[in-house]
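See below for the structure under consideration.
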Amino acid sequence: MLKNVVTALLAWAVAQTATAQELEYKMELGGALGGTFYIGDANAALFNNMGLAGGAKAAYIFNPRMSLNANLFLGKISGSTDDVDTVYPSETKGTPGTARFSRTVVDLGAQFAYNFFAYGTGKGYKGTHKLTPYIMGGAGFTYAPSPAEDVFTLNFPLGIGVKYKWRERVNVGIEWSMRLTWTDKLDVTSKEGLQLDKPYGLENGSIFKNRDGYSYTLLYVTYDLFPKYRKCNNF
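As structure tokens, then:
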């Protein structure tokens, strides 16, 4: 009888210890929704001409501080030279050149993300936090289908965010990022009139100048997948 009681107590203690430990997961998968805007010759102000954006978001989790993120986003960007102070040349003398554009961009990328605090449920002995800010950077591809011509180019995302462990396996967050591209043709959607890739008819003097960019501000929800089961120590 006493042996059975001791066995039951030991089993209960082991179960409580396992419950108190925080279970880690290998991946996150979910969706994002928000807005996007373009920065270039036809817009110089942050958050101007915001368009709808959204898509899928995933992460491979190395540890509570580091992850490799991936995304497939779709967004609408637009701009007008009426929104900038620059005076562009015109085919007709006496009237400044103007241009307006609107197009869809598809963004596929990967970023390394670093959490300022060890991220988790806040349970167990590891001292994780349910809320953490993070920074990220990486590389990706931008595809913008016609009008005018298709654009396919590299992009280099840099961003910041905050995420919160809403439930044991559910994460919510907000993220702001800027995509710096390798092209100056995102704002060229017509073969007629002012061409914003070469508004003065001159070649770009440097690969680091006169490049278009765009930004995402997104709310997202992800779900943790594939638990990392750890072997128990044998005493």
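Counting along the sequence shown from 1, when you hit position 81 you're at 80 in numbering that gives the first Met the number 0, and nothing is skipped either side. Where is the CB? At the ideal position from N, CA and C, for every residue including glycine.
Whole-number beta carbon distance between Lys227 and Lys25, since they are thought to touch under 8 Å: Stepping through the sequence shown from its first residue, residue 25 is reached at position 26. Stepping through the sequence shown from its first residue, residue 227 is reached at position 228. That belief holds up - the Cβ atoms of Lys25 and Lys227 are roughly 6 Å apart, short of 8 Å.
Residue(s) in a DSSP beta bridge with Tyr59: What you label residue 59 is simply residue 60 of the sequence shown in a count that begins at 1. DSSP output for Tyr59 lists Met26, Leu67 as bridge partner(s).
Buried versus exposed, by CB contacts within 10 Å (16 or more), Asn68: Stepping through the sequence shown from its first residue, residue 68 is reached at position 69. Asn68 comes out buried.
Own chain partners of Lys113 with C-beta closer than 8 Å, once the 5 adjacent residues on each side are dropped: Residue 113 sits at position 114 when you count from the first residue of the sequence shown. In the sequence as presented, Lys is not what sits at residue 113; that position holds Tyr. The residues are Arg64, Met65, Tyr133, Ile134, Met135.
Euclidean distance between Cα positions of Val161 and Gly50: For the purposes of this step, residue 161 is taken as residue 162 along the sequence shown, with counting starting at 1. For the purposes of this step, residue 50 is taken as residue 51 along the sequence shown, with counting starting at 1. Answer to the nearest angstrom: the Cα atoms are 22 Å apart.
Check whether Gly39 and Asp211 have beta carbons under 8 Å apart: Counting from 1 along the sequence shown, the entry for residue 39 is found at position 40. Counting from 1 along the sequence shown, the entry for residue 211 is found at position 212. Yes. Within cutoff.
One or two residues paired with Glu174 in a DSSP bridge: Reading the sequence shown from its first residue, position 175 is the one you call residue 174. According to DSSP, Glu174 bridges with Gly160, Leu217.
Terminal residues of the beta strand (DSSP E) in which Pro146 lies: Position 147 of the sequence shown, counted from the start, is the residue given in the question as residue 146. Neither: Pro146 is in no beta strand (DSSP E) and is coded neither H nor E.
Which listed residue (Leu218, Asn209, Lys164, Ala117) has its alpha carbon closest to that of Ser176: Taking the sequence shown and counting its residues from 1, the one referred to as residue 176 is at position 177. Closest option to Ser176, Cα to Cα, is Leu218.
Enclosing beta strand (DSSP E) for Tyr113 [first to last residue]: Within the sequence shown, the letter at position 114 stands for residue 113. Its beta strand (DSSP E) spans residues 99-114.
Close Cβ partners of Thr152 (< 6 Å) along its chain, the five nearest in sequence each way excluded: Taking the first residue of the sequence shown as 1, we reach residue 152 at position 153. Closer than 6 Å at Cβ, skipping near neighbours: Thr141, Thr180, Trp181, Thr182.
Backbone CA spacing between Val187 and Asn209 [nearest angstrom]: Mapped onto the sequence shown, residue 187 falls at position 188. Mapped onto the sequence shown, residue 209 falls at position 210. About 13 Å.
DSSP bridge partner residues for Val169 (one or two, in chain order): The residue labelled residue 169 in the question sits at position 170 within the sequence shown. Looking at the DSSP assignment, Val169 forms a beta bridge with Arg166, Tyr222.
Rounded separation between Asp223 and Arg99 - CA only: Position 224 of the sequence shown, counted from the start, is the residue given in the question as residue 223. Position 100 of the sequence shown, counted from the start, is the residue given in the question as residue 99. Going from the Cα of Asp223 to the Cα of Arg99 covers about 43 Å.
Candidates Pro144, Leu157, Leu130, Pro146, of which the one nearest Glu167 by Cα: As a position in the sequence shown, residue 167 is number 168, starting the count at 1. Of Pro144, Leu157, Leu130, Pro146, the residue nearest in Cα terms is Leu130.
Exposure of Pro144, with buried meaning 16 or more beta-carbon neighbours within 10 Å: For the purposes of this step, residue 144 is taken as the residue at position 145 of the sequence shown. So Pro144 ends up on the exposed side.
For Met135, the residue or residues it bridges with in DSSP: Within the sequence shown, residue 135 is the residue found at index 136, counting from 1. Looking at the DSSP assignment, Met135 forms a beta bridge with Ala112, Gly158.
Residue(s) in a DSSP beta bridge with Lys129: Your numbering for residue 129 matches position 130 in the sequence shown. According to DSSP, Lys129 bridges with nothing at all.
Ala52 vs Leu73 beta-carbon contact at 8 Å: Taking the first residue of the sequence shown as 1, we reach residue 52 at position 53. Taking the first residue of the sequence shown as 1, we reach residue 73 at position 74. Contact flag set, yes.
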